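Quick note: to get this note's numbering, add 16 to the position in the sequence shown (first position is 1). Glycine residues also receive a C-beta, built at the ideal position from the N, C-alpha and C atoms. Only a predicted model underlies this, so the values are computations on that prediction, with no experimental measurement involved.
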Amino acid sequence: MKKLKKAIFKVKVKNAGDAAATTVKVCAKAPKKLAKVSKCVKLGTLAAGASKTASISVKVTKKAKKGKKIKVAFTVTGKGVAKKTGSGTLKVKK
């Protein structure tokens, strides 16, 4: 990933429960000095067994050094859903 360029992470969320999950959202965090992350993405209501995909943009800053790996952490929250976490990694090229 080149500096000042955006990467898009696609986060698929599935409701594995028996009831609808409401106010579902996906949030991301990354080290502020290395990357800027878009705000939380609201997915709304997920019926039982349904899934939706959130697109989260991450922009690498000028301060990120070549070869540096940037960890992006994702959190899914909502009513009727257990809080879930995951992560992805970007590698700075230039």
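Going along the chain, which residues of its own chain have a beta-carbon closer than 6 Å to the beta-carbon of residue i, five neighbours each way excluded?
{"i": "lysine 84", "result": "Val108"}
{"i": "isoleucine 136", "result": "Because the chain in this structure spans residues 17 to 110, residue 136 falls outside the shown range and cannot be described."}
Beta-carbon within less than 8 Å of residue i's beta-carbon, same chain only, minus the 5 sequence neighbours each way: which residues are those?
{"i": "glycine 33", "result": "Ala64, Gly96, Val97"}
In terms of residue numbering, what span does the beta strand (DSSP E) encompassing residue i cover?
{"i": "serine 54", "result": "Segment: none, serine 54 is in no beta strand (DSSP E) and carries neither H nor E."}
{"i": "lysine 22", "result": "22–30"}
Are the CB atoms of residue i and residue j nearer to each other than 8 Å?
{"i": "glycine 94", "j": "alanine 37", "result": "yes"}
{"i": "valine 92", "j": "lysine 22", "result": "no"}
{"i": "valine 53", "j": "lysine 45", "result": "yes"}
{"i": "leucine 62", "j": "valine 40", "result": "yes"}
{"i": "lysine 110", "j": "lysine 82", "result": "yes"}
{"i": "valine 42", "j": "serine 67", "result": "no"}
{"i": "alanine 51", "j": "valine 27", "result": "no"}
{"i": "valine 88", "j": "leucine 59", "result": "no"}
Per DSSP, residue i forms a beta bridge with which residues?
{"i": "threonine 91", "result": "Cys43, Thr101"}
{"i": "alanine 69", "result": "It should be noted that the sequence gives threonine, not alanine, for residue 69. Threonine 69 pairs with Lys28."}
{"i": "valine 76", "result": "Ala51"}
{"i": "alanine 37", "result": "Leu62"}
Excluding the 5 residues flanking residue i on each side, which residues of the same chain have their C-beta closer than 7 Å to its C-beta?
{"i": "alanine 35", "result": "Ala64, Gly96"}
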